[in-house]
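The structure appears below as structure tokens.
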Amino acid sequence: MKNSPFVLRYFSAFILSLTLMGCASKPIKQPNQVEVAQGTFVTLPQPDEYGSDLSLSQLISVEFQGNKQQLPVQLQLMGNDLVLAGFASWGSRLLSLDYDGLTLDTYVMAGLADTLPPPEQVLFNVMITLWPLEAWQSPLNSIDWTLTENGNHRVLRDDVGNVVLDATYESISNKFSGDIILNSPNLG
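So the sequence shown is numbered by the numbering used here: it starts at 40 and just counts up by one.
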């Protein structure tokens with residue numbers, strides 16, 4: 040049986056697309072910084088600055104311009120090794136991140152980079168709501184931002200005093216009991 044030019048082109052295109060998908064799915068190594076505003080980067084606190092090991096599962100619900108999306112997330116912290124993963128409702132891993140205190144290894148399922156939040160942004164939101172204020176002091180001071188807490192309420196402000204994130208905890212004594220509502224006024 041002869042190979043027609045059409046079949047060879049089709050087969051070559053198929054192999055090329057598989058190669059490109061494989062490249063898009065590989066983890067990306069980057070420094071431990073997150074862009075918190077256009078051109079403004081903050082260094083994340085060390086994982087072990089949380090103060091103990093931690094294992095948690097959360098359902099992150101996001102409402103943006105009338106659309107509501109949910110992302111089941113699991114976080115595992117042991118010493119200075121942190122792993123975060125987001126899953127589809129059917130159980131497939133959509134995004135993940137490994138953080139050793141120096142670098143972030145991130146992964147987003149091929150084809151979903153434009154529809155999912157970056158893994159480092161998910162980690163930033165988790166850390167800004169759960170890590171002690173002291174862990175954030177130095178990183179935020181370096182960009183002239185502030186994080187304050189009053190009872191069951193935490194507010195992150197930029198260098199000119201604008202509220203960037205506003206977190207409200209259902210419980211004052213235990214941040215893990217009940218919902219954490221994180222608002223970002225600038226996202227509309």
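Ideal Cβ positions, reconstructed from N, Cα and C, are used throughout, including at glycine.
Cutoff 8 angstroms; reference residue i; Cβ partners in own chain excluding five residues on either side
| i | result |
| --- | --- |
| N92 | The displayed chain sequence assigns Asp, not Asn, to residue 92. Only L116, M117, G118 meet the Cβ criterion. |
| S263 | With the chain represented from 40 up to 227, any question about residue 263 goes unanswered, as that position is not in the structure. |
| G217 | Y208, E209, S210 |
As assigned by DSSP and simplified to three states, the class of residue i
| i | result |
| --- | --- |
| A174 | helix |
| V161 | helix |
| T168 | helix |
| D183 | coil |
| P70 | strand |
| D197 | coil |
| E188 | strand |
| E209 | coil |
| D120 | strand |
Cβ neighbours of residue i in the same chain (closer than 6 angstroms, five flanking residues each side left out)
| i | result |
| --- | --- |
| L232 | Residue numbering for the chain in the displayed model covers 40 to 227; residue 232 lies beyond these limits and cannot be assessed. |
| S100 | Q109 |
| S96 | Q113 |
| A127 | L133 |
| H192 | T207 |
Close Cβ partners of residue i (< 7 angstroms) along its chain, the five nearest in sequence each way excluded
| i | result |
| --- | --- |
| T142 | K68, Q69, P70, N71 |
| T79 | I182 |
| L221 | N164, T168, L204, A206 |
| L228 | Here the chain has residues from 40 to 227 only, and residue 228 is not among them. |
| V73 | F80, V81, L83, E159, Q160, F163 |
| Q85 | N119, G140 |
Residue i - partner residues in DSSP beta bridges
| i | result |
| --- | --- |
| V81 | V73 |
| P111 | L98 |
| T145 | I67, L136 |
| L155 | Paired residue(s): none; L155 is not in a bridge. |
| F126 | R132 |
Exercise. Counting pairs of Cβ atoms below 8 angstroms between the region 117-137 and the region 186-201, do you hit three or more?
Worked result: no
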